[in-house]
Structures are given as C-alpha cells and as structure tokens.
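Asks: Dumping the structure here so I can ask a few things about it.
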Amino acid sequence: MNFVEETVSILEELYRHGWDERNGGNLSYIIEEKEVKDFLKEEKILRTYHYDFDMSSIVGKYFLITGTGKYFKNCKRDPETNLGLFKILDKNTIGLLWGLKDGGGPTSEAPTHLSCHIERLKVDPLHRLVIHCHPTNIICMSHVHPLDEASWARDLWKMQTESIVVFPEGIGVLPWMLCGGIKIGEATAKKMKEYRAAVWSQHGLFSTGRNLDEVYGLIETIEKAAEIYMKISGMKIYSEISNENLKELAEFFKVNYKKGVID
Ligand code: 13P
Ligand code: ZN
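Counting from 97, one number per residue, gives the positions in the sequence shown under my numbering.
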C-alpha cells in the first residue's frame with residue numbers, strides 16, 4: 097500500500113466510528129522524499145497557499161493534507177479530489193503538488209496542523225502525523241468536566257487499565273476557542289511541547305504521533321476512556337483503580353507518567 101492508500105483506510109475507520117461527521121476532522125502526514133518520488137512522475141507546483149507564521153524549520157518537507165470542506169467518508173472513493181500532497185516552499189508558503197483536483201484548498205486547520213508538526217518534531221524527530229477529529233465522548237466530557245489538565249489525566253487514567261500506559265503524559269486541554277486560525281494553532285502547539293494529544297473543548301481532539309496506527313490507537317484509547325467516564329459519571333462507584341494501582345501499572349510498563357496528578 098502507498099501512503100495515500102494507507103491514509104484513506106484510517107480516514108474511513110475514523111468516519112465509521114462517527115468521529116468525523118460531514119467535513120469534520122482533518123489529517124496531515126509527513127511523507128518521505130523517497131515516497132514522493134515513487135508516487136509522482138515529476139514535482140510541479142500547481143497552486144500555493146500563504147500562512148502568516150514561521151515554518152522555517154519544516155521547509156522542504158512534504159505533507160499529505162486533507163482538503164477543506166471534504167468528507168472523510170469520500171476519501172477512499174476519490175482521494176485525488178479530497179486530499180492534497182504539499183511541499184513547504186518557504187517560511188510562509190506551501191505548494192500543492194498533487195490532489196485537490198476540483199480546485200479545493202488545504203484544511204482550514206492547516207495552521208494548527210503545521211504548528212503542531214513544528215513543535216512535535218522538536219520533541220520527537222520520528223514524529224510524522226497529526227489527526228484532528230470530533231470524538232463524541234471527548235466533546236461530552238468537555239461540557240461536564242472541569243477543564244484542568246491534572247484532573248482530566250487522573251479521571252481518564254482511572255477509567256480503564258490501559259489509559260496510563262498509552263498516554264502517561266496526560267492530555268492537554270484548551271477552553272472553547274475560535275477554530276480555523278493561527279491563534280488556536282499557537283495555543284495547541286504550546287500544548288504539544290508536553291502532550292501528544294489536546295482537547296478542544298466543545299469541539300474535538302488533536303492527536304499526534306509517529307504513524308497512522310499509533311495515532312489512531314491513541315484516539316481510540318482516549319475516546320474509550322471518555323466514553324466510560326460519560327457512562328458511569330453520576331453513578332455510585334463500588335470499585336475503582338486507585339492511585340497506588342496506577343503507580344503499579346506505570347512501574348510495570350515502565351512509563352514516565354505526569355507528576356503532580358496522583359502523587
Ligand atoms: P475543514 O473542512 O476545513 O478541514 O474543517 C473541519 C473541521 O473539523 C474544523 O475544525
Ligand atoms: Zn474540527
């Protein structure tokens with residue numbers, strides 16, 4: 097499978113879960129130069145897009161990015177209309193090399209995606225992927241749970257055994273903000289210094305990682321914890337994962353969990 101085929105199968109999974117209704121959600125994926133060379137006959141810039149933030153550290157990199165207003169459910173049937181392959185041309189410009197053949201542009205959340213890539217590459221040189229989606233229970237939880245990050249980490253870890261193993265660093269949480277701009281991009285990228293995932297209250301989730309399986313798995317695990325939280329909150333609890341149990345898990349699976357949450 098090439099990178100487009102791999103990507104559309106994950107987009108379809110996300111859609112099937114109900115996490116990307118209509119045009120909800122977007123994805124951006126760093127593609128290696130060799131993969132681009134195998135995919136394209138020649139490198140020709142079809143259109144350019146300008147952003148008012150500094151992309152110097154990713155100039156020359158290639159990104160597969162979903163189009164604005166495009167539906168995840170249609171990506172498998174017609175990838176060349178719904179996705180675009182871009183190159184970062186200079187510190188403020190990206191160029192389209194392939195795709196978006198109906199004249200469409202990159203996702204409106206491109207400033208957040210690209211800012212998150214810049215930040216995550218500083219933390220992890222193997223980082224490659226950002227997925228934004230609208231998981232139902234994460235959105236529910238942002239309505240009924242205080243927005244402080246320590247209590248989000250603690251409550252999500254306590255919902256199921258695997259949470260602390262999969263996201264030991266916890267999760268970033270942003271209050272409701274206007275989406276689609278540079279301001280929310282900067283706020284999200286700031287969270288990415290510490291976390292691989294950040295909640296956009298009353299909107300969805302931004303998740304990052306090294307490959308499609310890892311990021312998809314991170315979204316599934318966080319959303320499952322939120323689903324359990326929403327199902328049991330308000331009920332009388334008879335048994336729970338204690339702080340000591342969480343520490344045992346972290347020690348056994350050798351993960352460095354966020355301090356100040358359960359200590
Ligand atoms: P786009 O259609 O521009 O990708 O926007 C979808 C979305 O989820 C906005 O946050
Ligand atoms: Zn969204």
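Glycine included, each C-beta is placed from N, C-alpha and C at the ideal position. These figures come from a predicted structure and were not determined experimentally.
Output yes or no for whether 9 Å exceeds the beta carbon distance between M151 and K187.
Replies: Yes, these two residues count as a Cβ contact at 9 Å.
Asks: Quick check on S247: does DSSP put it in helix, strand or coil?
Replies: Reduced to three states, the DSSP call for S247 is helix.
Asks: Between the beta-carbon of V226 and the beta-carbon of V311, is there less than 9 Å?
Replies: Yes, they are a contact pair.
Asks: Pull up the CB-CB distance for H209 and N119, whole angstroms please, since I reckon it's below 8 Å.
Replies: So it is not a contact: roughly 15 Å between Cβ atoms.
Asks: Could you tell me if the beta carbon of C275 falls within a distance shorter than 8 Å of some heavy atom in the ligand ZN?
Replies: Indeed, a heavy atom of the ligand ZN lies less than 8 Å from the Cβ.
Asks: Going by beta-carbon coordinates alone, are C212 and G281 separated by less than 9 Å?
Replies: Taking 9 Å as the Cβ cut-off, C212 and G281 qualify as a contacting pair.
Asks: For the ligand 13P, any of its heavy atoms closer than 8 Å to the Cβ of E205?
Replies: Yes, Cβ of E205 sits closer than 8 Å to a heavy atom of the ligand 13P.
Asks: Look at the Cβ atom of H241, then the Cβ atom of F302, and state whether they are nearer than 9 Å.
Replies: No, Cβ-Cβ distance for H241 and F302 is not below 9 Å.
Asks: Which residues share a DSSP beta bridge with D186?
Replies: Paired residue(s): T189.
Asks: May I ask you to check if the CB of K166 is nearer than 8 Å to at least one heavy atom of the ligand 13P?
Replies: True, at least one ligand heavy atom lies under 8 Å from that Cβ.
Asks: What's the call for D251, buried or exposed, on a 16-neighbour Cβ count within 10 Å?
Replies: D251 is buried by the Cβ-count criterion.
Asks: Can you grab the Cα-Cα spacing for the pair P69 / E176, in whole Å?
Replies: Because the chain in this structure spans residues 97 to 359, residue 69 falls outside the shown range and cannot be described.
Asks: Any heavy atom of the ligand ZN closer than 8 Å to the beta-carbon of H230?
Replies: True, at least one ligand heavy atom lies under 8 Å from that Cβ.
Asks: Quick check: the Cα distance between V269 and E290, rounded to an integer number of angstroms?
Replies: Whole-angstrom Cα-Cα distance: 12 Å.
Asks: Apart from the five residues just before and just after S247, which ones in its own chain have a Cβ nearer than 6 Å to its Cβ?
Replies: Closer than 6 Å at Cβ, skipping near neighbours: no residue.
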